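A short write-up of the structure that comes next.
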Amino acid sequence: MELYLYIALFAPLVGSLYSALFSGSPKSQQVGIVASGLLFTSFLSSAILLTYVMSGHTVHVEMMTWMATGDLYIPFGFVVDQVSVVMMMVVTIVSTVVHVYSIGYMDHDKGFNRFFAWLSAFVFSMMVLVMSDNFAGLFIGWEGVGLCSWGLIGFWYHKESATWAANEAFIMNRIADLGMLIGIFLIYWNVGSLQYDVVFAEIGNLQPVIITWIGIFLFIGAMGKSAQFPLHTWLADAMEGPTPVSALIHAATMVTAGVYLVVRSNAIYDLIPNVGIFIASLGAFVALFAASMALVNRDMKRIIAYSTLSQLGYMFVAAGLGAYWVALFHLMAHAFFKALLFLGAGNVMHAMHDELDPFKMGGLRKVMKGTFVMMTLASVALAGIYPFAGFFSKDLILEVGFVEHHYVIYTVLLLTAGLTAFYSFRLVALIFHGEERYKLFGIHPHEAYKFMLVAMSPLLVLAIIAGSFKMTYFQLVMNLLPATQYHVHDQTTYWIMTIGTQLFVIAAILFAYKKYANWSNVPDGSSAMERSFFYKLLWNQYYIPKMYEEIFAKPYAELSRIAWKQIDLKIVDATVDAIANGIYKTGENTRDIQNGNLSTMLRWMVVGLVVLSILAVAFTVGYNAVGA
Amino acid sequence: MLEPIHVALGSLNIATLAPMLIAIVGALSILIIDLAKGGLHKSLYVMIALLFLLLDLGALVDFGGVFLKNGTILGFFDVMLMDGIAILSQIIIVVGSMLFIPLALTSKRFHEYDYPEYFALFMFMIAGFQFMVATDNLIMIFIGLETASLALYTLIALHNRSKSFEAAVKYFTMGALAAGFYAFGSMILYAISGSVEINQIATIMAEDHYRNIGYVLLSMAFMIAAFGFKLSMVPFHTWTPDVYEGSSAALAGYMSIVPKIAAFVVAMRLFEFLVHSGVAWLQVILYIGVVVTMTASNIWALVQSDVKRMLAYSSISHAGFVMAAILIGTTQSNTGLFLYWALFSFTNLGAFTMLWVNRQKNLIAGQSSDHPYEKFSGMVKTMPMAAVMMGLFMLSLAGIPPFGLFWGKMYLIGSAVSSGYTVLALIMALNSAIAGYYYLKLIVFMFMKEPIVGYDQYYFMNASLSLKTIIGIAAVGTIFAVFAVNPLLKVITLFVYNSGY
Amino acid sequence: MAITLTHYLVLASVLFVIGLIGVMRRKNLLMLFFATEILLNATNIAFAAISHYIGDLSGQMFAFFIIAIAASEVAIGLGLLIVWYKRTGKIDLDQMNSMRG
Amino acid sequence: MEHYNVANPYFGVFVLFVLTFGAFYATTVIARLASRALAAKDTEKIKLTVYECGPEVTKQPNRISTQFYLFALLFLLFDVEIVFMFPWAIDFKLLGWFGFAEMMMFILLLAIGFVYAWKKGALEWHNIK
């Protein structure tokens, strides 16, 4: 089995290196095919591992020792257990689909080969992240996916906005990673190991305060990766990257790494329910908050991105309330239908020549049948209609909230479910129904390549049937995660809740259809609704990006400018001069002493020496005074 | 009448001189070859230098074996001291030099490489550094330091541009002042202990229970000023950016690595016994020095417009980071120092070589310095491989896993945490986060901007096969550091631990 | 009055301080070199004196080496100075600021 | 070995010395400022020129050639090495063959340097660029 583990892990790396070899040469189809083939191999190995794990085994290998000196010992190990195998399946399925899809999507792009190098490198990092058996390896993968995501968001580096978005994502993530690093250090410091099994076995012996801090710092890392409030702005901007990237990284895999971290560290979070409540509340807030921003947005990809954000909120609610397996289940189901949604959006974008505003589309169902069906079904799944995947996973989270008596969270999530249904179908209705507004812009849409649709079909199937795996999945992961079944005990309440939710959601869908299915004009910002306060508030994303700009970015730039101009040039230099002059120049005015002047430099040195000597004397005097 | 002294040759242990003598003989033979037949091509001298350095390395490895078997080797009236850190640092010095000497084989002609003296001086300089680390005698340290520094000043000036002379004069003048500080500091130590050997001074002071603490501290003030200059700690750092800008990129890269490791070793010998004796003053001063050096240089690096100056400030910051190891003073941290520097050597070798291959002979209109950021704009389009390489080195410098320097940073921060310096560890981590920003700036220029016409013709202008090989070596060292870290750590720990540091 | 070690040390310190002042005040490169020579020779006096008073020769050895090194330093320094003068016609420190920041 | 403390009688002398130094310096500065302030300003240009008895002031035609400096440098370098030979010469017998061998090595190195300088033409008056 170890062999399969290594194949699953390293096949993407081989694919990446192979593509990188060709990164300088012009586009060649075989690069994409080879990379996809290698990923498929990785998927097959993961599937074999899955059957193996389902028979009750786990695979644990220690490839080599990273660091071993004195009391520091970090091995380079991998583990395939019930949790990581689920993640591996999700990652390999989605990435294989995305790879095949990208062969078509990136067909006309000059950076075709480079794209596959980055994409496969990303998959490799992600596999390292999920398969590592310790926090150090997780962190490596964590940074790796961040790096690849940076490269892929900024893939079209000639676009100013793409560059900016890439840097924003990278920097925000680095800030959060710092928190995570501190958490990992705290773990190492207090437990003396980074191995999951050791850490989780011993974490209970620590003081509650320390556990709380560990939990908080790790969660800060998770907040960055999973774009939770207030570090969420990068995700929407990350949509500047190619659409397959959005599907793979910013919907299905990387952004869920934060959820994975919390699920993986369930032993830690079980001990600190207060932090758990906080996580759940934040998750609920983000779910509603992101959904509200999706309501009015006029950028197809951003709408889907906000919906991702909102669904991540759901996952955190589940994880925060201790229903780790539910969180992981929703993560899996969400990966399938959200990736499908993104890839469908990619098709639409191609057809519309990169137009993103759904108000400029309409009536596309006639020309893009396949895409229309897929996106509608994916939206149905997202909305959580029985018997699609979303129903099983999302309603479960609602039930968790209800059963755990967090009625506020429950209500928020219920409301969000309605909003989700509304904005999803607003999008579908605007794109595929109504008048053919694109004709105004002289666009001639066409359906995507056949093989792209075929490539998407596995996702479609999974989006429909993933819910039926629920019990198998539960049997599998309960070996590792707390096996709490969440049932509303009163049958009547259960049925009322379920049917009520379904009706509510369906009502929202119908409302969206009614309002947008016959849309005829392109809004220009003059209608009464568009001028209302709430619309503006939502449209401007609650003014949060603006606030960041005002509060952090500008003062930071200002600060470094001041540090240079004022502190370095004026204060520091002036101080040196003042000291030197104070000692050696009595009447004469200073000559203009400029930076880069040798004399100033020598004075720096002498002043340094004088200060040190004065400190030495002062210390001695103080020391003798105390001694005497 | 005094009896003549009979010195048994065996007791001298002349072998301890072998590594330095090899370098000196190499230098002399280069001079003699030049005298016998002038006008030979520079590649011959490069080969001779490499050959002798290889011999030198062989001798050092041999010493390493002897050290692990028998412990510290003393020689030459106990002036020479071959302990673990001496051998380790000499290996870093020699390997670093071997990697930098081939940078002379550029495709463009440069003034300095036409002189065989360049290579002779280079070898003298290496011998100087080797003397400096392989002794704990203050006189010997001084001689080694000055031999190396004087050679280095000349090497900088040989680059034959106005800025090079300016840099050499600045470096020289400040170096002379630092030499004065060093001499005065040693004088105070000699006055209070009557010895010029560091271990004896330490013993005498300990027996004395630091009765002369005031004078000890005063001498340490002078020593910190002297080595602060060599290690470019704030406020003794002012020469660094100017000298780096003035000298050729190859030499600047060399200066960021080899002289500093030598200075680190001496600083370890000089300061650590005091740190261990709990002299609070020194701890406080080093603490402040480390923090200020790291932070201030990072801030200054942010506002640079020239890549070489940025790298200069960044290497000040790295030196400050590593200086923390001396403050912490545990075996783990000292091991971290050597590990960090070994990894840093490869990464910085790569970064400076990338500057060197892009060196242009004349500045184009409107260009204020040799390597402005704009020069690297859109490099990914014209030279994708080169841009990827440079990006790789920047990422490593920023400490992003799994590239080389990440491991060094992690190990050092880890050692700070495990010795209870939590706040320091936090500051170190924060600083590496800030540093990421200006390294990223270069990557942004390379990958995200359009090439600027005029600059693009200079990409790889100076490249030759040997320079590309060096870049390749640096890249391999940076990427595959993951696999080298563990064996390296084992060896380094063995050496450091057995030398009592 | 007997001359003690203290006299020598005070002399050395005073000379050292004079050297430091010279380093800080002088704008002429040649004067700067003089100042650094004063620094080193101040130390020499102290070394020789200490060596004599405590009856240990290593101080004098140190002094010898400082003399030799000071001479080499002068040689290099003057060499640089001559080249600099030939290129610019000046040995004023204030003219030497093509690099900054 | 005796130790020094601040109570040493000569410390006072030292302090006085420093103070005197400061006072002296201040005096010169004050004197200069005062004279500058009090002096009558003369704006006539001709009066500010250097007086050179009759002929017009010219640039010094025969400055000392840098050649002299180079010679002086070489002399200095080789001359200073003598400091190592004096102690050796005094204890020549005491040091015996070992000392002799060491000194021969030293002289050999110096000789290589000398030959090098010679061959490079540093000792020829006219041949230096």
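As they're listed, the protein sequences go chains G, F, B and E. Residues 1 to 628, numbered by our numbering, are exactly what the first sequence covers, in order. Residues 1001 to 1501, numbered by our numbering, are exactly what the second sequence covers, in order. Residues 2001 to 2101, numbered by our numbering, are exactly what the third sequence covers, in order. Residues 3001 to 3129, numbered by our numbering, are exactly what the fourth sequence covers, in order. All residues carry an ideal CB built from backbone N, CA and C; glycine is no exception. A quick note: this is a predicted structure, and the numbers were derived from the prediction, not measured.
Original post:
How many angstroms separate the CA atom of G:L181 from the CA atom of G:S310?
Top reply: In this structure, the alpha-carbon of G:L181 lies about 26 angstroms from that of G:S310.
Original post:
Closer than 9 angstroms, Cβ to any Cβ of chain G: which residues of the segment 2020 to 2051 of chain B, in chain order?
Top reply: Going along the segment 2020 to 2051 of chain B in chain order, one finds L2020, I2021, V2023, M2024, R2025, R2026, K2027, L2029 and L2032 with a Cβ nearer than 9 angstroms to chain G.
Original post:
G:H485 by DSSP, collapsed to three states: which one?
Top reply: Correcting the residue identity first, residue 485 of chain G is Gln in this sequence and not His. In the structure shown, G:Q485 sits in coil (DSSP, three-state: anything other than H, G, I, E or B).
Original post:
For chain G, is any of its Cβ atoms less than 8 angstroms away from the one on B:M2061?
Top reply: no
Original post:
Given a limit of 8 angstroms on CB to CB distance, which residues of the segment 1130 to 1152 of chain F reach chain B?
Top reply: Within the segment 1130 to 1152 of chain F, contact with chain B at the beta-carbon level (separation under 8 angstroms) is assigned to L1138, I1139, F1142, I1143, E1146 and L1150.
Original post:
Among F:V1496, F:G1026, F:V1307 and F:V1046, which one has its Cα closest to the Cα of F:L1467?
Top reply: With respect to the C-alpha of F:L1467, the residue from F:V1496, F:G1026, F:V1307 and F:V1046 having the closest C-alpha is F:V1046.
**OP:** Whole angstroms is fine: what's the gap from G:M349's alpha carbon to G:I303's?
**Re:** Annotation: G:M349 to G:I303 spans about 14 angstroms, alpha carbon to alpha carbon.
Original post:
Cα separation between E:A3111 and F:K1361?
Top reply: Note on geometry: alpha-carbon atoms of E:A3111 and F:K1361 lie some 39 angstroms from one another.
**OP:** From the DSSP output, in three-state form, read off G:S132 for me.
**Re:** strand
Original post:
Which partner residues of F:P1372 appear in the DSSP bridge assignment?
Top reply: F:D1306
**OP:** Kindly indicate which three-state DSSP category B:V2038 falls into: helix, strand or coil?
**Re:** Reading the sequence as shown, one finds Ile at residue 2038 of chain B and not Val. In the three-state reduction of the DSSP assignment, B:I2038 falls in the helix class.
Original post:
Among residues of its own chain, excluding the 5 on either side of G:V632, which ones have a beta-carbon nearer than 6 angstroms to its beta-carbon?
Top reply: Given that chain G is displayed from residue 1 to residue 628, the structure contains no residue 632 of chain G and the question cannot be resolved.
Original post:
Per DSSP, G:H60 forms a beta bridge with which residues?
Top reply: G:V79
Original post:
Are the C-beta atoms of B:L2093 and some chain G residue less than 8 angstroms apart?
Top reply: yes
Original post:
Within the 8 angstroms Cβ cut-off, does E:L3076 reach chain B?
Top reply: yes
Original post:
Going along the chain, which residues of the segment 1289 to 1315 of chain F sit with their C-beta nearer than 9 angstroms to a C-beta in chain B?
Top reply: W1300, V1303, Q1304, S1305, D1306 and R1309
**OP:** Return the residues of the segment 1211 to 1232 of chain F that lie within a Cβ-Cβ distance of less than 8 angstroms from chain G, sorted by chain order.
**Re:** I1213, G1214, L1217, L1218, M1220, A1221, F1222, I1224, A1225, G1228 and F1229
Subject >> Classification of G:H232 by the beta-carbon crowding that lies within 10 angstroms, buried from 16 upward >> reply: buried
**OP:** Determine which residues of the segment 597 to 625 of chain G have a Cβ less than 7 angstroms from any Cβ of chain B, and write them out in chain order.
**Re:** N597, L598, S599, L602, R603 and V606
Subject >> N- and C-terminal bounds of the alpha helix (DSSP H) containing G:L413 >> reply: Y407 to F432
Original post:
F:K1163 touches chain G at which residues, Cβ-Cβ below 7 angstroms?
Top reply: Going along chain G, no residue has its Cβ under 7 angstroms from F:K1163, so there is no contact; the nearest lies around 11 angstroms.
**OP:** Work out the CA separation of F:A1059 and F:E1272 for me, nearest whole Å.
**Re:** 28 angstroms
**OP:** Just the C-alpha distance for G:T420 and G:K515, rounded to the nearest angstrom, thanks.
**Re:** 15 angstroms
**OP:** Determine, using beta carbons only, whether F:F1222 and F:F1229 come nearer to each other than 8 angstroms.
**Re:** no
**OP:** Please name the residues in the segment 1449 to 1474 of chain F whose beta-carbon is closer than 9 angstroms to at least one beta-carbon of chain C, in chain order.
**Re:** Of the protein chains in the structure, G, F, B and E, none is chain C.
Subject >> Range of the contiguous beta strand (DSSP E) that encloses F:G1075 >> reply: I1073 to G1075
Original post:
Which residue's Cα is closest to the Cα of F:A1267: F:I1091, F:A1134 and F:N1462?
Top reply: F:A1134
Original post:
For F:L1012, which residues of its own chain have a beta-carbon under 8 angstroms away from its beta-carbon, when the five flanking residues on both sides are left out?
Top reply: G1075, F1076 and F1077
Original post:
So what does DSSP say about F:N1502, is it helix, strand or coil?
Top reply: Residue 1502 of chain F is absent from the model: chain F starts at 1001 and stops at 1501.
Original post:
Straight-line CA distance for F:V1380 to F:G1096?
Top reply: 29 angstroms
Original post:
Under the rule that 16 or more other beta-carbon atoms within 10 Å means buried, what is E:D3079, buried or exposed?
Top reply: exposed
Original post:
What does a CB cutoff of less than 8 angstroms around E:E3124 pick up in its chain, not counting 5 residues either side in sequence?
Top reply: Contacts found: none.
Subject >> Cβ contact (3+ pairs, closer than 8 angstroms) linking the segment 152 to 168 of chain G and the segment 1447 to 1455 of chain F >> reply: yes
**OP:** Report all residues from its chain with a CB closer than 8 angstroms to the CB of F:F1142; omit the five preceding and five following residues, and keep chain order.
**Re:** A1179, Y1182, A1183 and S1186
**OP:** May I ask you to list, following chain order, the residues of the segment 2057 to 2088 of chain B that have a beta carbon less than 7 angstroms from some beta carbon of chain F?
**Re:** S2058, G2059, M2061, F2062, F2065, I2066, I2069, S2072, E2073, I2076, G2077, L2080, V2083, W2084 and R2087
Subject >> F:M1379 (DSSP reduced to helix, strand or coil) >> reply: helix
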